[in-house]
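Single-structure report; data block below.
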Amino acid sequence: MDIKIMHLFPDLLNLYGDKGNIECMRKRLNWRGIGCEVVPFTTEDSGFELSDVDIVFLGGGSDREQKIVCRSLLEHKAELKDFVENGGSLVAVCGGYQLLGKYYKLKDETIEGLDILDIYTEQGKGRLIGNIVLEADFLKESDKLIVGFENHGGRTYINGHKPLGKVIYGNGNSDKCGCEGVMYKNVVATYLHGPLLPKNPVLCDYILTNALKKKYSDFTELVPLDDRLEKTANEYIVNRFK
Ligand code: GLN
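Quick note on our numbering: the sequence shown kicks off at 434 and runs consecutively.
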């Protein structure tokens, strides 16, 4: 068994080490004897090919970097949309999350999005920065608190979409909605930056399980790993902001 991850624009969208999420997915697969190939795709590359890709990862970046990648991403809008509609796994963080929507409106201009999700983002007053804790109902009771860090000027409005979680501490999609991120088919889109998956191994396994189920019809579940250290770190943060 193996999984192929396409890492979109690792050179431009890697704020706060979003790349750590790729390492986390790779390790958690390898520890279970499952292979993992990571292929980068940058603005220099041609030949965008998703047919044998299982997970696409799109990290976060500044408004400037978003504008650069947006031009390249829009050339592959149809392929990415088909990938998602056919159940491909897509993980998008912060700037990457915003680009999945219809648009990201800045003070003087608007960045066109991929229109994969029925969401839009508008720059608000000030930035929403800090630690964040979410409650994610799709995870089992003992593991449903997701911890992370957010830093964004954009406020995202998710219309009828299901959020990733309910905000327990912090801001999330906007300063008012009390919700964070979006879950759609096998898309997990979130403002939670940096090493999100190492801090939340259950969310990582959720993403990997979806990808493995899609690829291997007889796949049922991942063997458990010893996550005592990761869970202690997660609980420490949850308790700090209770
Ligand atoms: N540039 C976007 C914003 O500020 C996203 C930033 C990010 O990825 N941290 O809203």
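Note that beta-carbon positions come from the ideal geometry of N, C-alpha and C, so glycine has one too.
Asked: At what residue ranges does the stretch 486 to 511 contain a whole run of the beta strand (DSSP E), taking only runs of 3 or more?; Found: 488 to 491
Asked: Can you give the Cα-Cα distance for Phe490 and Asp570, rounded to whole angstroms?; Found: 23 Å
Asked: Ordered along the chain, which non-local residues of its own chain (more than five positions away) have a Cβ less than 6 Å from that of Glu663?; Found: Pro634
Asked: If you pair each beta-carbon of the stretch 511 to 530 with each one of the stretch 618 to 627, do three or more pairs fall below 8 Å?; Found: yes
Asked: Check Met458 in the structure and name its three-state DSSP category.; Found: helix
Asked: Do Gly598 and Gly583 come within 9 Å of each other at the CB atom, strictly closer than that value?; Found: Note that residue 583 is Glu in the sequence shown here, rather than Gly. Not a contact, by the Cβ cut-off of 9 Å.
Asked: Assign Tyr669 to buried or exposed, taking buried as 16 or more other Cβ atoms, counted over all protein chains shown, within 10 Å of its Cβ.; Found: exposed
Asked: Compute the Euclidean distance between the alpha carbons of Lys540 and Asp435, then round it to the nearest angstrom.; Found: 44 Å
Asked: Could you spell out the range, first to last residue, of the alpha helix (DSSP H) harbouring Gly528?; Found: Gly528 to Leu532
Asked: Quick one: what does DSSP say Arg673 is sitting in, helix, strand or coil?; Found: helix
Asked: Pick from His626, Lys514 and Pro473: whose alpha carbon is nearest that of Lys437?; Found: Pro473
Asked: Helix, strand or coil: which one does DSSP assign to Ile549?; Found: coil
Asked: Would you report the Cα separation of Asp651 and Leu641, rounded to the nearest angstrom?; Found: 15 Å
Asked: Take Arg459 as the anchor and find which of Gly494, Thr476, Lys646 and His440 has the nearest alpha-carbon.; Found: His440
Asked: If you count every other CB in all the chains shown that lies within 10 Å of the CB of Leu658, and 16 or more means buried, which is it?; Found: exposed
Asked: Quick one, are the C-beta atoms of Phe481 and Glu512 less than 9 Å apart?; Found: yes
Asked: Kindly indicate the opening and closing residues of the alpha helix (DSSP H) around Cys637.; Found: Pro634 to Lys648
Asked: Report back the beta-carbon spacing between Leu506 and Leu532 to the nearest angstrom; my notes put them in contact at under 8 Å.; Found: 6 Å
Asked: Could you spell out the range, first to last residue, of the beta strand (DSSP E) harbouring Cys469?; Found: Gly468 to Phe474
Asked: From what residue to what residue does the beta strand (DSSP E) around Tyr537 run?; Found: Tyr536 to Lys538
Asked: Using the C-alpha atoms, what's the distance from Asn454 back to Pro628?; Found: 6 Å
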